[in-house]
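>
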Amino acid sequence: MKIISYFVLAVLLAAMLGTALQSAANLWAITQLAGSVSLADQWRTFLFDLRHFMPLLALIFLPILILSVLATKLICRFLPLQPLAAMFAVTALATWLALNLINYLAPMPTLIALNRSNSGTLLLLCCTAFAAVFFQWMTAKRSTR
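Sequential numbering from 0 applies to the sequence shown in numbering that gives the first Met the number 0.
Okay, structure coming up:
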């Protein structure tokens with residue numbers, strides 16, 4: 000049960016980070032087009048995105064993280080890799096593949112605006128990869144002497 004709790008927490012962490020970055024990117028784009036946005040409107044936008052966009056992003060990240068955790072466990076069973084680094088790399092690759100699939104199916108990267116630039120895509124990859132590392136670290140068996 001503890002493992003499931005850590006996994007859900009990792010998915011929520013990735014989705015929350017991704018949503019915060021998505022909100023920031025959207026607000027930055029708006030300021031480039033229309034000028035400054037008040038702090039109150041920025042907070043309202045962020046809270047709106049947390050309520051409406053974060054669940055969608057969590058749904059996107061959920062299978063990515065499940066498959067990444069399973070693939071990393073399998074890879075680390077056969078190759079002498081450092082589990083945290085392997086988890087980061089596998090999850091980043093899985094996220095990149097999933098985003099490319101989403102962008103292929105959608106007419107353009109409109110679902111996740113942050114994915115319109117290479118730097119935004121890299122930030123999304125880091126969101127899921129760091130969440131996977133968090134899960135790996137929380138569930139690793141550590142010796143206590």
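By construction, the Cβ of each residue, glycine as well, lies at the ideal position given by its N, Cα and C atoms.
Does T90 come within less than 8 Å of chain C when only Cβ atoms are used?
No chain C appears in this structure, which consists of one protein chain only.
> Decide yes or no for the touch test of the stretch 112 to 120 against the stretch 82 to 89: beta carbon pairs closer than 8 Å, at least 3 of them.
no
> Below 8 Å CB to CB, which residues in the same chain sit around T120 once its five sequence neighbours on both sides are set aside?
If you ignore the 5 residues before and after T120, its C-beta comes within less than 8 Å of the C-beta of W95, L98, L113, N114, all in its own chain and listed in chain order.
> Classify I145: buried if its beta carbon has 16 or more other beta carbons within 10 angstroms, exposed otherwise.
The question about residue 145 has no answer, for the chain in this structure spans 0 to 144.
> Under 8 Å: do the stretch 31 to 46 and the stretch 57 to 77 share three or more Cβ pairs, one atom per stretch?
no
> In the DSSP assignment, find the alpha helix (DSSP H) that holds L113 and state where it starts and stops.
Element bounds for L113: n/a, residue is neither H nor E.
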